[in-house]
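Participant: For the record, the sequence lines run as chains A and B. Heads up: take any position in the first sequence, counting from 1, add 90, and you land on this note's numbering. Heads up: take any position in the second sequence, counting from 1, add 43, and you land on this note's numbering. We put the CB at the ideal spot given by N, CA and C, even for glycine. To start, I am sharing the structure in question, which I have written as structure tokens.
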Amino acid sequence: MKKILALPAVVLATSVLLAACGNNEAASDNQTETPVAQSGNETSTGTTDTADQEATGSDYTTAVDGYRAFAIKQIDEFVKQTEKFTDAVKAGDLETAKLLYAPARMYYERIEPVAEALGDLDPNIDARDGDVEAADWRGFHRIEKALWEDKTTEGMTDFADTLLSDAKLLRAKVETMDIDASLMVTGAVELLNEVSSSKVTGEEERYSHTDLYDFAANVEGAREIYNLLKDDLAAKDKDLDQQIADRFDALEKELAPFKDGDGYVSYEKLKDEDVKKLSQNLDALAEPLSNMGQVLGV
Amino acid sequence: MTEQKKDSLKKPLSRREMLKLTGVAGLGLLLGGGGASGLMALGRKSSPAALDVNMPDNALPFYGKHQAGIITPAQDFICFAAFDVTAGSADDLRRLFKNWTAAAAAMAAGEMIGEHNATLNTPPTDTGEAAGLTPSRTTLTFGVGPSLFDGRFGLQGRKPKGLRDLPAFTGDALDPQWCGGDLCVQVCADDMQVAFHAIRNLARIARGHAVLRWTQEGFQRTGRADPAGGTPRNLLGFKDGTGNPDTTDAVLMDQTVWAQPADGPGWMAGGSYMAVRRVRMRVEVWDRSTLKDQEATFGRHRDSGAPLGSRGEFDPVDLKAKSADGQPVIPATSHLRLAKGDGSQQILRRSYSYSSGLDAKTGQLDAGLLFISYQRDLEKQFIPIQERLAKNDKLNEYTVHTGSAVFACFPGITNGGYIGDTLI
């Protein structure tokens, strides 16, 4: 099943690369493979390069291409949904804007490590009140505050426009970005760390209380990375692979009761023990996931 | 980057090796402000071997007939943790015990856990805050609570008869957040950072198999503060533990502390039952009571620790002594008299003081005693003593029991075996 998913991803990735990148980008993309192969050498003991590469199977081109394709797909959809959201804000349609807010963000939350790797874009799109100087505060959470706290779309037109242009900039930049297996592995852990430090505590969406959307999206983003690397992982450490798969299942099972239609219930509906249980399941998953890089040699 | 990676290929260093590498600097750290005399006091053995970093004399054996940390003279600090098992099967639980065993043996020896502590592209297998520190007489003592014997692991038939939650005692104000647990780990060490490191790493290893239920840190005066090793004082200012049985008397320990084969079940032979109580002290109230009242409460003199009417801390306790007005010298409701009873029940107390910040509601200190006792039989020893105290102890005016748990602490682990291998 994972194979079936991965195949079209490769095709898509290749076509995107051909369509979007000049020769330079394609070359730089090839370069990202080099460190991966090296790290394979260094974790084994003094045989030849090719033998090492075979021994560790450290060619992650398929996975990397698959992830780039996934990221691009998410960002494409992110731009589309953000536009709908910002249109509603600019039209002064408070209720529609509120409905579109959390689902649009999920596309972003699934690939957050990619955005974070692109410097200022993450704070511009996703900073919370206090994360940046008050004068620089913009993006989703600025509008979130207006919609839920001030209960108005007034004065939000400029913020809506900047948000959409930031989203489009992200779309443009991701084409040429260096993605390697190491970014994927650390990204998967970062996604769960994000959940662990701000989503599970309800701090991320302090006005809208839509934290569980972000929570689910972060976990989905981590799972996508795991799925892309799973075959390599299983070939090297079956137990670790099984453990990670089981704990993804356990966490998703723990999250399932909080689903509400296409979305999730308000964070305010969670009891203390719900939060604790989610948090513990998350830690249980993140710990073995953080060993994926060791096993893969990236 | 490549250079760094190559360095990382070197085999992992033990905490001791790291200390060796740091050479003179390491020794300087070890000696700290106290100089050589301070070190000797800390080590309690004033032999120069204490300076040989290759052979730290402050490592206690992890493997043995009994678990360390029970009759071991109390170290300076405790980190106590109770866990709930989330693992779904006995196999998973066994795996956890095996992983814990390897980690515990390494930590007791002052070594780092696991293989990957110098590999740059992976989270280190040891969290690292005890790197370069000596073993600090670390002991890790493991036990299982009554709740482990429900249906989950097929252990129903192996539950010791006397292992059940303590009965409700008069005046208990238990808060579920300080009660119970499927498993417990008592970590004691002469260094708080070393002790915390142990609990943190055990919790990390347990992820997916067990979660922390409650933890409590505790302290007593350090060996450095009291080189003579006198009886420690609790936070009410009184010596605590004067009446403890002699842990060097093997026969007495078999009678009072170690579960015997005939006691049943067989897997507990050589183990011990632990009672844990988190006892908050109303220190603000205590500080307003007169010395006379305080001494009457304990039945001892504050300064010397001697029983009221006597001079030396270890003078025999004369419960029959009357004062001129015909009243008992050691009051009927004093802690000493009620704890002692007719002398037929003895327990080994191994308590630590705790201070956990403020009670947010009142602004008063949340401080007190993490009471821990070990005994061969909870029902014959701890429970009758605590029942007497709960009903009549004058000390109850100043204390409130907020947490409670009991655990069956395994017999010792043999080298090559694992924690709980007699049970599961």
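1. Measure the CB-CB distance between residue 413/B and residue 322/B and report whether it falls below 9 Å.
2. Looking at the strands, I want to know which residues DSSP matches up with residue 324/B.
3. Would you decide whether residue 163/B is buried or exposed? Buried here means 16 or more other CB atoms lie within 10 Å of its CB.
4. Using a threshold of 9 Å, state whether the C-beta atoms of residue 285/B and residue 343/B are closer than that.
5. Would you tell me roughly how many angstroms separate the C-alpha atoms of residue 190/A and residue 232/A, rounded to the nearest one?
6. Should residue 456/B be flagged as near chain A, meaning a C-beta pair shorter than 9 Å?
7. Are there 16 or more other CB atoms within 10 angstroms of the CB of residue 200/B, so buried, or fewer, so exposed?
8. Could you tell me the alpha carbon to alpha carbon distance between residue 380/B and residue 374/B, rounded to whole angstroms?
9. Report the CB separation of residue 255/B from residue 143/B in whole angstroms; it is logged as a contact under 8 Å.
10. Three or more C-beta pairs closer than 8 Å, one from the stretch 276–290 of chain A and one from the stretch 197–205 of chain A: is that the case here?
11. Consider the Cβ of residue 373/A: report whether some Cβ of chain B lies at a distance smaller than 9 Å.
12. Going residue by residue through the stretch 195–234 of chain B, where are the continuous alpha helix (DSSP H) segments of at least 4 residues, counting only ones entirely within it?
13. What would DSSP say about residue 187/B, mapped onto helix, strand or coil?
14. Using the rule of at least 16 other Cβ atoms within 10 Å of the residue's Cβ for burial, across every protein chain shown, is residue 462/B buried or exposed?
15. In whole angstroms, give me the CA-to-CA distance for residue 458/B and residue 185/B.
16. Got a sec: which bits of the stretch 162–183 of chain B sit with their beta carbon under 8 Å from any beta carbon on chain A, in order along the chain?
17. Please report whether the beta-carbon of residue 240/B lies at a distance below 9 Å from any beta-carbon of chain A.
18. Check the Cβ-Cβ distances between residue 251/B and every residue of chain A, and say whether any is below 9 Å.
19. Assuming residue 354/A and residue 338/A make a contact with CB atoms under 8 Å, what is their CB distance in whole Å?
20. Pairs of beta-carbons, one from the stretch 233–250 of chain B and one from the stretch 134–149 of chain B, closer than 8 Å: are there three or more?
21. Give a yes or no on contact between the stretch 100–119 of chain B and the stretch 194–210 of chain B, applying the rule of three or more CB pairs nearer than 8 Å.
22. If we define contact as Cβ-Cβ less than 9 Å, is residue 274/B a contact residue for chain A?
23. Taking the Cβ atom as the reference point for each residue, do residue 296/A and residue 350/A lie within a distance shorter than 9 Å?
24. Checking 9 Å against the spacing of the C-beta atoms, do residue 279/B and residue 311/B come in under that value?
25. Should residue 424/B go down as buried or exposed, given a rule of 16 or more other Cβ atoms within 10 Å for buried?
26. When you compare the CB positions of residue 257/B and residue 446/B, do they come within less than 9 Å of one another, or not?
27. Let me make sure I understand the geometry here. Which of 368/B, 369/B, 348/B and 120/B has the alpha-carbon closest to that of residue 359/B?
28. Chain B beta carbons: is any one of them nearer than 9 Å to that of residue 332/A?
29. Are at least three pairs of beta-carbons, each pair with one atom in the stretch 286–305 of chain B and one in the stretch 400–411 of chain B, less than 8 Å apart?
30. Bridge partners of residue 447/B, per DSSP?
31. Measuring only between beta-carbons, confirm whether residue 337/A sits less than 9 Å from chain B.
32. Do we get a CB-CB distance below 9 Å when we pair residue 254/B with the residues of chain A?
33. Here's the rule I'm using: 16 or more other beta-carbon atoms within 10 Å means buried, otherwise exposed. How should residue 260/B be labelled?
34. Give every residue of the same chain whose Cβ lies closer than 7 Å to the Cβ of residue 190/B, excluding the five residues on either side of it in the sequence, and list them in chain order.
35. Quick one: what does DSSP say residue 230/A is sitting in, helix, strand or coil?
36. Specify whether the stretch 224–244 of chain A and the stretch 292–307 of chain A touch according to this definition: at least 3 beta carbon pairs, one from each stretch, less than 8 Å apart.
Facilitator: Inspection of the coordinates gives the following:
1. Between residue 413/B and residue 322/B, the C-beta gap is smaller than 9 Å, which places the two residues in contact.
2. Residue 324/B is bridged to 410/B and 442/B.
3. Burial call: exposed.
4. Yes, Cβ-Cβ distance for residue 285/B and residue 343/B is below 9 Å.
5. Taken atom to atom, the span from the alpha-carbon of residue 190/A to that of residue 232/A is near 15 Å.
6. At a cut-off of 9 Å between beta carbons, residue 456/B makes no contact with chain A.
7. Its Cβ having fewer than 16 others within 10 Å, residue 200/B is exposed.
8. Roughly 7 Å between the two C-alpha positions.
9. The Cβ separation is near 14 Å, so there is no contact.
10. Taking 8 Å as the limit for Cβ pairs, the verdict is that the stretch 197–205 of chain A does touch the stretch 276–290 of chain A.
11. Against chain B, the CB of residue 373/A has a partner CB under 9 Å away; the residue lies at that interface.
12. Counting only runs of 4 or more, we get nothing.
13. Strand, per DSSP.
14. By the neighbour-count rule (16 or more Cβ atoms within 10 Å), residue 462/B is buried.
15. Going from the Cα of residue 458/B to the Cα of residue 185/B covers about 16 Å.
16. Of all residues in the stretch 162–183 of chain B, only 162, 164, 165 and 166 place a beta-carbon less than 8 Å from a beta-carbon of chain A.
17. Not an interface residue.
18. Yes, residue 251/B counts as interfacial toward chain A.
19. In fact, because the Cβ distance is near 18 Å, the residues do not count as touching under 8 Å.
20. Pairwise C-beta distances place the stretch 233–250 of chain B in contact with the stretch 134–149 of chain B, as three or more of them are shorter than 8 Å.
21. Counting Cβ pairs under 8 Å, fewer than three are found: no touch.
22. Interface with chain A (9 Å Cβ-Cβ cutoff): residue 274/B is excluded.
23. Inclusion of residue 296/A and residue 350/A in the CB contact set at 9 Å is not warranted, their separation being larger than that value.
24. Result no, Cβ atoms of residue 279/B and residue 311/B do not sit closer than 9 Å.
25. A buried status is given to residue 424/B, since no fewer than 16 other beta-carbon atoms sit within 10 Å of its beta-carbon.
26. Between residue 257/B and residue 446/B, the CB-CB gap stays under 9 Å.
27. Taking only the C-alpha atoms, the option nearest residue 359/B is 348/B.
28. No, because no Cβ of chain B sits closer than 9 Å to the Cβ of residue 332/A.
29. Segments in contact, no.
30. Residue 447/B pairs with 222/B and 320/B.
31. Yes, residue 337/A lies at the interface with chain B (some Cβ there is under 9 Å from its Cβ).
32. Interface residue (Cβ-Cβ distance to chain A less than 9 Å): residue 254/B is classified as such.
33. Buried.
34. Counting only Cβ-Cβ distances below 7 Å, and skipping sequence neighbours, we find 223 and 225.
35. Residue 230/A: helix per DSSP, three-state reduction.
36. Contact between the stretch 224–244 of chain A and the stretch 292–307 of chain A is present, because at least three Cβ pairs lie under 8 Å.
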